[in-house]
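So the sequences go chain by chain: P and E.
Plus 1276 on top of the position in the first sequence (first one is 1) and you've got my numbering.
Plus 164 on top of the position in the second sequence (first one is 1) and you've got my numbering.
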Amino acid sequence: METKFKVEVLSKEDCVRIHEASLKILKETGVIFHGEQALEIFRKHGAEVDGKVVKFSQKIVEESIRKCPSKFKLTARDKQRSVTVGEGLLIHPPGGEIFVSDLDNGRRKGTLKDFANLQKLFQACDDIDIAGYQPISPEDVDTDFRGLYCTYESIKHTNKPMLSPMQLDNTQQMRESLELMEISFGGKGFFKDNYCTWQAVCPNSPLTYSDYACDGIIEYAKWNQPVLIVPAPMAGITSPAQIMGTIILQNAELLAGIVLAQLVNPGIPVIASASTTFANLKLATWECACPETALLVVAITQMNRDFYHLPARVQTGITSSKLVNYQAGYETMQSLLLSALAGAQLTSQSVGSMENLISVSYEKLIIDTEIVSRIRRILQGIDTSEEAFSIDLIQELGHKADYLWHDSTLELCRAGWQPTMADWNSYDNWHRDGSVDIMVTANKKVKEILANAPDKIIDEQLEKDLTSYIKMVEKNR
Amino acid sequence: MSTLADVAQSVVKGQMDKVKEHVQNLIDAGNAPLDIINNGLIEGMNVVGVHFKAGDMFVPEVLKSAKVMAAGVELVKPLIDDSEEQSKGVIVLGTVKGDLHDIGKNLVNMMMTSSGFKVIDIGIDMPPEKFADAIREHKPQILAMSALLTSTVYAMDDTIKYITTEGLRDRVKVIIGGAPITQEFAESIGADGFAPDAASAVDLCKELV
Chain P
1277 METKFKVEVL
1287 SKEDCVRIHE
1297 ASLKILKETG
1307 VIFHGEQALE
1317 IFRKHGAEVD
1327 GKVVKFSQKI
1337 VEESIRKCPS
1347 KFKLTARDKQ
1357 RSVTVGEGLL
1367 IHPPGGEIFV
1377 SDLDNGRRKG
1387 TLKDFANLQK
1397 LFQACDDIDI
1407 AGYQPISPED
1417 VDTDFRGLYC
1427 TYESIKHTNK
1437 PMLSPMQLDN
1447 TQQMRESLEL
1457 MEISFGGKGF
1467 FKDNYCTWQA
1477 VCPNSPLTYS
1487 DYACDGIIEY
1497 AKWNQPVLIV
1507 PAPMAGITSP
1517 AQIMGTIILQ
1527 NAELLAGIVL
1537 AQLVNPGIPV
1547 IASASTTFAN
1557 LKLATWECAC
1567 PETALLVVAI
1577 TQMNRDFYHL
1587 PARVQTGITS
1597 SKLVNYQAGY
1607 ETMQSLLLSA
1617 LAGAQLTSQS
1627 VGSMENLISV
1637 SYEKLIIDTE
1647 IVSRIRRILQ
1657 GIDTSEEAFS
1667 IDLIQELGHK
1677 ADYLWHDSTL
1687 ELCRAGWQPT
1697 MADWNSYDNW
1707 HRDGSVDIMV
1717 TANKKVKEIL
1727 ANAPDKIIDE
1737 QLEKDLTSYI
1747 KMVEKNR
Chain E
165 MSTLADVAQS
175 VVKGQMDKVK
185 EHVQNLIDAG
195 NAPLDIINNG
205 LIEGMNVVGV
215 HFKAGDMFVP
225 EVLKSAKVMA
235 AGVELVKPLI
245 DDSEEQSKGV
255 IVLGTVKGDL
265 HDIGKNLVNM
275 MMTSSGFKVI
285 DIGIDMPPEK
295 FADAIREHKP
305 QILAMSALLT
315 STVYAMDDTI
325 KYITTEGLRD
335 RVKVIIGGAP
345 ITQEFAESIG
355 ADGFAPDAAS
365 AVDLCKELV
């Protein structure tokens, strides 16, 4: 359902100006591509390649944008859970965090067990639409096989649509992860006709695609899997301190990546992400939670979704807080609500992430699902139908305060949004029930979900197929 | 064939037609009227109270159950001799002087009535004299006062002082409620009890009589 109200920070003319400025940068300054294969593809299609710098004509850029679908189906192993990316608001897990924390054990490096537990939580939480990805980097797994094991654990614990882990360091590792995933969908060839996963491809700002980023685009596009491009300049550090300048630079990076993806596989879906941050120049660090970052991602979402008609992802719902506290709450809500009202169709980092994407909290993950649920309710807006005006009822009851007793209230009494985490009780009832803090409520919920989650949701045969594939990979390395 | 459990269940679910049907069947089958009320209708409301406290039922649903319960009582009432009619106790209920709010008070009334108490609701903006008159006239076991405003809660103190000087304090247990009220406040003005919501108020009354 499309919302009737929207937050915008750019005018239509601003969008055109950003597009034109990006074309100028692409044409005159160009973008560095370190991947030899990528350079070859550009040469073959007549782009101007000077060393590693590729310069783009307006024509090739605009043709590439036109080839991108504005929405596509992302298929889940459980078909009921497949989603349409580019329609409504979808939430996917955080990715790239290193530490985990929970109320019982505090903050620590994440392990594969934590990774599996987090997948169980994604599977159980209705407000999280997509699972997999890489909410923590499991410290106890050899880096060569980390992405593969993450893929395996995701398959084992969730049948929602599943994103690929980030730690796939080369084409071979990407291929292994994709092959393992394809086994879970029933075997070779399934991905040729079904979009099932993607990997995050991040240019190195300013205006550079690493070898690794080139591989990410080419390999996934070759597998006929969507390409997610995540320009992430830090305003004042790797892009201009001016918000507009940063928007233009990241936009040029995005468009260059789109051209490569469409040259490899014309019509392949490209998800455009607003993951840009405004820097905290006091420390020269990125600051995901500042108001300027929230404004930046609103503007970029406008460009991606409304101007280019691309599925628009946003890195949002983020905090730099070290504790799950008041700061964590308002920073998370500030960015997620603004992004959602800007029309974000997909968000990352919105459930559980802390400390500017350094750690993930089990409890915050659960609490954040309530923020998502609140925002989904807000996006529904209000019913403005004739019936909703209730004129007959107002005249029937006149000056009597009998609405609470009236059948019309009874009918609708459960239609209102209700919290799963927030405590709406009176002080006395709250006190009577043990004066419980929200962290304790969330901790209890985490334990309940993990206690009820099965050891695996896949059958014996699939588990055997997956583990023997992994053994084969380990033997051949 | 209907059972007392069917009656209770209809009350919990707020099913008006069903409760009438089951109550009528039980009457026709010769069940004792008081048995139908106490072990069918009131039992249903007891379950409603538990659900409400647990957060599983919403106030409009509780009110609907209370209405359904009252409809059941209406069917049984003509069959009960006056001498036989018994209630869990008599409660005089009112909103204190200066305060016109009655939504909370009416909720409490509904819950108390549905639990088998006889409730005399003397209304809103009631000065101490009216509470005293009601004690003399209705001889309640409990006097229940309501206030919503922080400025009117002190009228509860005035009322207790007044009924004390009138020599009526020992005849009743005094309970108070309303958004600004706390247990501490209740103790400070010498009330016998306080409840934070309508369902708890019923439990409190059961303890006090």
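Every residue gets a Cβ at the ideal spot worked out from N, C-alpha and C, and that includes glycine.
- For residue 308 of chain E, the enclosing beta strand (DSSP E) covers residues 306–310.
- Put simply, the segment 1320–1339 of chain P does not touch the segment 1615–1622 of chain P. Fewer than three CB pairs are less than 8 angstroms apart.
- With contact defined as three or more Cβ pairs closer than 8 angstroms, the segment 1364–1376 of chain P and the segment 1554–1570 of chain P are not in contact.
- Residue 1456 of chain P is not a Cβ neighbour of residue 1434 of chain P, given a cutoff of 8 angstroms.
- Excluding the 5 residues flanking it on each side, residue 221 of chain E has same chain C-beta neighbours closer than 7 angstroms at 212, 215, in chain order.
- A buried status is given to residue 317 of chain E, since no fewer than 16 other beta-carbon atoms sit within 10 Å of its beta-carbon.
- In the DSSP assignment, residue 1386 of chain P falls outside any alpha helix (DSSP H), carrying neither H nor E.
- Shown here, residue 1681 of chain P sits in a helix according to DSSP, grouped into three states.
- Look at residue 1706 of chain P here: in three-state DSSP terms it is helix.
- Per the coordinates, the alpha-carbon of residue 1753 of chain P lies some 29 angstroms from the alpha-carbon of residue 1480 of chain P.
- Residue-level contact check: residue 1681 of chain P touches chain E, since one or more beta carbons of chain E fall below 8 angstroms from its beta carbon.
- Between the beta-carbon of residue 1552 of chain P and that of residue 1572 of chain P there is about 5 angstroms, and that keeps the pair under the 8 angstroms contact cut.
- For residue 343 of chain E, the CB contacts under 8 angstroms within the same chain, skipping 5 residues up- and downstream, are 268, 312 in chain order.
- Non-local beta-carbon contacts of residue 286 of chain E in its own chain, meaning distances under 8 angstroms to residues more than five positions away in sequence, involve 256, 257, 258, 294, 295, 298 in chain order.
- At a Cβ-Cβ threshold of 8 angstroms, residue 1414 of chain P and residue 1382 of chain P do not count as neighbours.
- Residue 325 of chain E and residue 304 of chain E have their C-alpha atoms some 18 angstroms from each other.
- Within the model, the alpha-carbon separation for residue 218 of chain E versus residue 1634 of chain P is close to 39 angstroms.
- At a cut-off of 8 angstroms between beta carbons, residue 222 of chain E contacts chain P.
- The segment 1331–1338 of chain P makes contact with the segment 1293–1311 of chain P; the number of CB pairs closer than 8 angstroms reaches 3 or more.
- Membership of residue 1375 of chain P in the beta strand (DSSP E) is indicated by the continuous run 1375–1378.
- Uninterrupted alpha helix (DSSP H) stretches at least 4 residues long and entirely within the segment 286–373 of chain E occur at 292–302, 318–329, 347–352, 362–372, given in chain order.
- Taking one beta carbon from each stretch, the segment 1738–1746 of chain P and the segment 192–203 of chain E have fewer than 3 pairs nearer than 8 angstroms; the two do not touch.
- Collapsing the DSSP output to three states places residue 1322 of chain P in coil.
- Between residue 1406 of chain P and residue 1436 of chain P, the CB-CB gap stays under 8 angstroms.
- DSSP, read as helix, strand or coil, puts residue 1638 of chain P in helix.
- Assigned with DSSP and collapsed to three states, residue 1297 of chain P falls in helix.
- According to the DSSP secondary-structure assignment, residue 1623 of chain P is paired through a beta bridge with P:1367, P:1590.
- Listed in chain order, the positions of the segment 1715–1738 of chain P with a beta carbon within less than 9 angstroms of a beta carbon of chain E would be empty, since no residue qualifies.
- In the three-state reduction of the DSSP assignment, residue 1484 of chain P falls in the strand class.
- Within the segment 1689–1706 of chain P, those residues whose Cβ lies closer than 7 angstroms to any Cβ of chain E are, in chain order, 1689, 1690, 1702, 1704, 1705.
- Three or more Cβ pairs closer than 8 angstroms define a contact, and the segment 1369–1376 of chain P meets that threshold against the segment 1623–1633 of chain P.
- Residue pairing from DSSP places residue 1408 of chain P in a beta bridge opposite P:1439.
- When C-beta atoms of the segment 1539–1547 of chain P are compared with those of the segment 1482–1501 of chain P, three or more pairs fall below 8 angstroms, so the two segments count as touching.
- Taking a contact to require three or more Cβ pairs closer than 8 angstroms, the segment 1520–1536 of chain P and the segment 1496–1509 of chain P qualify as touching.
- Bounds of the alpha helix (DSSP H) holding residue 1523 of chain P are 1519–1540.
- In the structure shown, residue 1415 of chain P adopts coil according to DSSP, grouped into three states.
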